[in-house]
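Per the UniProt record's numbering, the sequence shown starts with residue 1, numbered consecutively.
Ideal Cβ placement from N, Cα and C applies to all residues, glycine included.
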Amino acid sequence: MSNLREFTAGETSTAPLATQNTFSNDQPGSNSTSNQGRGSFHGKGKGRGSGSNIDKSVQCQIDNLYIDEPPQQIQNTLQECKYAFQEVDPDAHADYVSCVHFSSSAQPPLFVSGSWDRTVKVWNAENLTLRYTLRGHKGRVNAVAISPDGSLCASGGDSCVIILWDLAEGRRLYSLDAGAYVHALCFCPSRYWLSVCAETSVQIWDLDNKVMQNFKPDNRPRKWKNHHCTRLDWSADGNTLFTGYSDGAIRVWRVAGGNY
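This is the structure we're talking about:
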């Protein structure tokens with residue numbers, strides 16, 4: 001089913017379907033933590049959402065980010081926070097907001113937020129009102145993702161279960177057993193696939209057939225032996241999956257021939 005293998009930068013590959021590159025820094029680095037949850041940009045770059053691990057709020061800011069040439073310079077005139085759904089708001093989350101994802105494809109545009117209160121909330125991005133509160137997780141929600149057409153939301157977290165939601169009706173469709181903590185989720189932009197950043201592997205789910213394939217890096221000795229995937233994202237054409245790991249490596253998985 002899979003014909004992937006890992007090879008280091010500079011090594012040639014003979015795998016007919018797909019290959020993988022690994023970029024890493026084996027120098028020990030300092031551990032750091034962030035008090036801000038995961039967020040995403042609006043498709044046209046006009047807005048940004050962020051989840052907070054401090055005040056349990058969802059905040060919306062209006063960005064003005066542009067490149068001025070010459071000389072090449074990126075200037076960011078980030079304006080003040082326009083809206084905040086605080087803890088005192090009856091629609092707000094009751095615990096840390098761990099993740100936020102925008103979709104400009106849905107009509108009207110929307111964004112979703114996941115929280116340690118075990119809920120996923122769907123918000124109207126135009127008037128910033130709550131549309132749905134989605135319940136069903138039995139543990140903290142760590143990751144949310146919206147399908148390219150804006151019709152589906154996937155959410156996952158500490159309960160090791162991924163739930164697929166219908167965003168038009170705000171209802172649960174079905175669940176997938178990841179078998180491990182879910183750290184991140186991402187829909188493939190060109191195929192009906194959901195990629196999962198799990199504690200023990202990278203998973204790709206074919207949502208048409210409910211078939212899953214696990215991908216794991218090779219077992220060469222590294223400074224961090226029990227490494228796991230922490231983040232992932234697809235290229236725009238859906239042929240390359242970029243994954244970040246707790247061992248300091250970035251692994252690049254390439255897809256060819258319509259297979260993974």
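Residue i bridges to which residues according to DSSP?
i	result
Q213	I204
C197	A184 and V202
D91	Partner(s): none; D91 has no beta bridge.
S175	I163
S235	Looking at the DSSP assignment, S235 forms no beta bridge with any residue, so it has no partner.
A145	A154
So, for residue i: in the same chain, excluding its five sequence neighbours on each side, which residues have a beta-carbon less than 6 Å away from its beta-carbon?
i	result
H228	E199 and S246
V202	F215, C229 and T243
D166	L173
Q107	none
Report yes if the CB atom of residue i is closer than 7 Å to the CB atom of residue j, and no otherwise.
i	j	result
H183	C197	yes
A94	D117	yes
G179	D158	no
T240	R251	no
R131	V122	yes
L152	I162	no
T129	T119	no
Which of the three DSSP states is assigned to residue i in this structure?
i	result
C229	strand
G156	strand
T129	coil
K138	coil
Keeping to the same chain, check which residues put their C-beta closer than 7 Å to that of residue i; ignore five residues upstream and five downstream.
i	result
L194	A154, L185, F187, W205 and L207
P71	Because P71 sits at a pLDDT of 47, beneath the cut-off of 50, its placement in the model cannot be relied upon, and the point is left open.
H101	S40, F111, V112, V144, A145 and I146
D237	S190
S115	H93, D95, Y96, V97, S98 and V141
Return the chain-ordered list of same chain residues with a C-beta closer than 8 Å to the C-beta of residue i, the five sequence neighbours on each side being excluded.
i	result
T12	In this prediction, T12 scores a pLDDT of 33, lower than 50, which makes its location untrustworthy; no coordinate-derived value is stated.
Y181	N142, G157, D158, C160, A198 and E199
Taking 8 Å as the threshold, find out whether the segment 185 to 192 comes into contact with the segment 164 to 172 through three or more Cβ pairs. Output reads no: the segment 164 to 172 does not touch the segment 185 to 192.
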